[in-house]
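If you read the protein sequences in the order shown, they are chains A and B.
Using our numbering, the first residue of the first sequence is number 1, and each one after it goes up by one.
Using our numbering, the first residue of the second sequence is number 1001, and each one after it goes up by one.
A virtual CB, placed ideally from N, CA and C, is assigned to each residue, including glycine.
Have a look at the structure below, then the notes.
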Amino acid sequence: MTVVAPAEAATPRRSQEPRRRTGPLRRIRHSYDQFWYAWAMCAPVVVILGVLVAYPLVLGIMYTFTDATSLNVGHTIGVNHIPDTFSWVGLKQYVDILSGPDNQFWPHFWWTIIWTFTCVALTVSLGLGLAVLLNRQVRGRTFYRVLLVLPWAVPTFVTIFSWRLLLSDGGAVNHALGFLGLGQPAWLSDPFWQKVAAIGVNVWVGVPFMMISMLGGLQSIPAELYEAAEMDGATAWQRFRHVTLPGLRPVSSTLILLGVIWTFNQFNVIFLLFGSTNGDSVQILVTYSYRLFFGQNPMDYAGAATVGVLCLSILIVFTEFYRRWIRRMQGAQA
Amino acid sequence: MSSETTSKKHLGRGQRGPLASVGLHSVLAIAAFVAAFPVAWVAYVSLGGGEYDYQHPQRIAAHPTLSNYSHVLNHTDFFTWLGNSTIVALGTTVVGVLVAASAGYAVSRIRFLGRGSLMYTFLLTQMFPVSVLIVPLYKILANTKLLDTYPGLILVYCTTAVPYCAWLLKGYFDTIPVDIDEAGRIDGLSPFGTFWRLILPLARPGLAVAAFYTFLTAWGEVAFASYFLLSPDKFTLSVGLQTFVSQYNSQWNYLAATGVLIAIPAGVFFYLVQKHLVTGLTAGGTKG
């Protein structure tokens, strides 16, 4: 796959200059030198990713065509090595998962889509809103910024334990709601409120990253554009709509893509908030597949890997469409 | 004269009525409160000495005590976990940032075969669900005798952090003028020397962001750590904290105290890099 973003092709290249200055022999030697160094510098990444991502991925895809469980995959107990004994079953895993008798996949699939869409929409818009506010002249800006970044800076396994306390039946959130005379939902046990709680906590965790990135994007928009818009009599909303949003597009398109990928595969929030036993309907595909794994005995490697591969395929298809869409928008603009 | 005109212009643009000011500050204050409250709550609960105090928060205010901290520090493996987490997180930061920086530099400066597909592969690796990789990774680590060791975990963490960092740093290197490389080469530096002596020092803000991101990824990771670490003396904080809950029958007060102790290093690290955070992240974002 050779996908080169148009922006990359436009950046000036060091290698083009000496080509004009030197003879053909030296040019070849020079480019060889450069290629050699380029590969030497990329080699560590390629080796690490190759050994620890590509190879496991191939193995993982292989498992999806087998009936591997924790009992028949080769493992080592003490000094005894037990060899692999699983057998090939073709596409049986895929058929079982997509249309099997215990139809677990589709409910989790739709919930994952809703989860990803809602979380990304909320984190991006809240992040953008806060970034716009922080980008103004505000007294105590650093103070606000430090507080607002806390959810990102403190490890999730600490903050999510705190959310479990806050959202528990007699917890502070329900105390506050009761004080205001509102209902007190069972955040951590009722299926509907579990989903609301999961989205809420994930948005809480995700906003700071979006906010800081958007803030950086805002600061790179030249102030002259705003001045020119103001001279032309644009209102605050028009300035936001026609200067800020287009100016942010390079940053926000990348952020939305990363946000979708990260949210789709968000493991920590749901795993830590609901533990490994409760909350079956709130599991997104990634945690569902993790559960196929650790939640039962024998652990269902093949099933877990199959769900994982399905996740990966969904994301690849989405990314391809998204990139095309972005490219078309860029083309329409130019 | 000139200062007068700029201040005038500033007043015109940045001007807002007192009502708007109040609105702005109240929105920011509410947001900051929501962001900080759960963190503050952990700190508050950690002061309650009794096992069930977290269910009756009003009791804590009456008898705040540091007994949880002394218990955690003196009677648990906290320092072992802290040491392990520090080794793993710092190791991941050093290895990950160096590897990501060299790859990002190569992709940013040199037009070699396959750089487009390399960037796409970086994006692709972000999509892999933990569950596909975990069993094969376990086998690989077991075969190479890296299971239950620091280097094994560091390498695994690098796979999750390096692709994004390489992306981010590539964007940052793009903003450094190529003239600097050229000057270095004319003065007789090798391409690697240019990278090491000229570009890396100039890219410090970008490196700080990459380091922050890598450190946090490693410091807070749960799934891999709980599967690849077997012996209790190798546990990192995230694993240790979980055993702690079951082992002590969900004693949230100890958990909260440990949480506060964990949050402090992450907060300090954040404070050190936060000045660079805004500029660094953007540079990465603008070049997709």
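Inset, instruction - Tell me whether residue 204 (chain A) sits in a helix, a strand or coil according to DSSP, three-state version. - result: helix
Inset, instruction - Look at the Cβ atom of residue 38 (chain A), then the Cβ atom of residue 1106 (chain B), and state whether they are nearer than 7 Å. - result: yes
Legend entry - Distance between residue 1148 (chain B) and residue 1230 (chain B) (C-alpha atoms, nearest Å): 6 Å
Legend entry - Sequence-distant residues of its chain with Cβ nearer than 6 Å to residue 177 (chain A) (five each side left out): 184
Inset, instruction - Check the C-beta distance from residue 163 (chain A) over to residue 1038 (chain B) and give it rounded, since I have them as a contact under 8 Å. - result: 6 Å
Inset, instruction - Output yes or no for whether 7 Å exceeds the beta carbon distance between residue 243 (chain A) and residue 265 (chain A). - result: no
Inset, instruction - Would you tell me roughly how many angstroms separate the C-alpha atoms of residue 324 (chain A) and residue 1124 (chain B), rounded to the nearest one? - result: 16 Å
Legend entry - Closest residue to residue 1127 (chain B) among A:36, A:250, A:53 and A:298 (Cα-Cα distance): A:53
Legend entry - The alpha helix (DSSP H) enclosing residue 155 (chain A), as first and last residue numbers: Neither: residue 155 (chain A) is in no alpha helix (DSSP H) and is coded neither H nor E.
Inset, instruction - Select from B:1175, B:1091 and B:1206 the residue whose C-alpha is nearest the C-alpha of residue 1156 (chain B). - result: B:1091
Inset, instruction - Hey, could you find the ends of the alpha helix (DSSP H) residue 1025 (chain B) is sitting in? - result: 1018 to 1045
Inset, instruction - Give the secondary structure of residue 110 (chain A) by DSSP, where H, G and I count as helix, E and B as strand, and everything else as coil. - result: helix
Legend entry - Rounded straight-line distance, which links the Cα of residue 268 (chain A) to that of residue 119 (chain A): 15 Å
Legend entry - Against chain B: residues of the stretch 250 to 267 of chain A by CB proximity under 9 Å: 250, 251, 252, 253, 254, 255, 257, 258, 261, 262, 264, 265 and 267
Legend entry - Pairwise C-alpha distance: residue 149 (chain A) and residue 1270 (chain B): 9 Å
Legend entry - Under 7 Å from the C-beta of residue 322 (chain A): neighbouring residues of chain B: In chain order: nothing, as chain B lies at least about 11 Å away.
Inset, instruction - Taking only heavy atoms of the ligand MN into account, decide whether any of them is closer than 6 Å to the Cβ of residue 178 (chain A). - result: The ligand MN is not part of the structure shown, which contains no ligands of any sort.
Inset, instruction - Could you please give the first and the last residue of the uninterrupted alpha helix (DSSP H) stretch that includes residue 1074 (chain B)? - result: 1067 to 1075
Inset, instruction - Counting only runs of 4+ residues fully inside the stretch 203 to 247 of chain A, write out the alpha helix (DSSP H) ranges in chain order. - result: 223 to 231 and 236 to 239
Legend entry - Neighbour-count burial assignment, residue 190 (chain A), 16 or more Cβ in a 10 Å radius: exposed
Legend entry - Residue ranges of each beta strand (DSSP E) within the stretch 35 to 71 of chain A, 3 or longer: none
Legend entry - Endpoints, the alpha helix (DSSP H) within which residue 283 (chain A) is located: Premise fails: residue 283 (chain A) is in no alpha helix (DSSP H) and is neither H nor E.
Inset, instruction - Could you work out which residues of chain E lie near residue 1121 (chain B), taking near to mean beta carbons separated by less than 8 Å? - result: Judged by its chain identifiers, the structure shown contains no chain E, and its protein chains are A and B.
Legend entry - Contacting positions in the stretch 1218 to 1242 of chain B - beta carbon closer than 7 Å to chain A: 1219, 1220, 1222, 1223, 1238 and 1241
Legend entry - 6 Å Cβ shell around residue 1046 (chain B) - same chain, five flanking residues per side excluded: 1068, 1256, 1257 and 1260
Legend entry - Spatially closest choice to residue 197 (chain A) from A:317, A:186 and A:206, by CA coordinates: A:186
Legend entry - Which listed residue (B:1137, B:1027, B:1097 and B:1058) has its alpha carbon closest to that of residue 1210 (chain B): B:1097
Inset, instruction - State whether the stretch 1155 to 1173 of chain B contacts the stretch 1065 to 1081 of chain B, with contact taken as three or more CB pairs (one from each stretch) at a distance under 8 Å. - result: no
Inset, instruction - Please state whether DSSP places residue 163 (chain A) in a helix, a strand or coil. - result: helix
Inset, instruction - Could you tell me whether the stretch 246 to 266 of chain A touches the stretch 204 to 217 of chain A, where touching means 3 or more Cβ pairs closer than 8 Å? - result: yes
Inset, instruction - Kindly say whether residue 269 (chain A), judged by its beta-carbon, lies nearer than 7 Å to any beta-carbon of chain B. - result: no
Legend entry - Within 7 Å, strictly: CB atoms of residue 48 (chain A) and residue 1165 (chain B): no
Inset, instruction - Note down the Cα distance separating residue 1028 (chain B) from residue 58 (chain A), rounded to an integer number of angstroms. - result: 48 Å
Legend entry - DSSP state of residue 187 (chain A) mapped onto helix, strand, coil: coil
Inset, instruction - Name the two residues that bound the continuous alpha helix (DSSP H) containing residue 99 (chain A). - result: 92 to 99
Inset, instruction - Jot down the residue ranges of each uninterrupted beta strand (DSSP E) in the stretch 1138 to 1183 of chain B, minimum 3 residues, whole runs only, in chain order. - result: none
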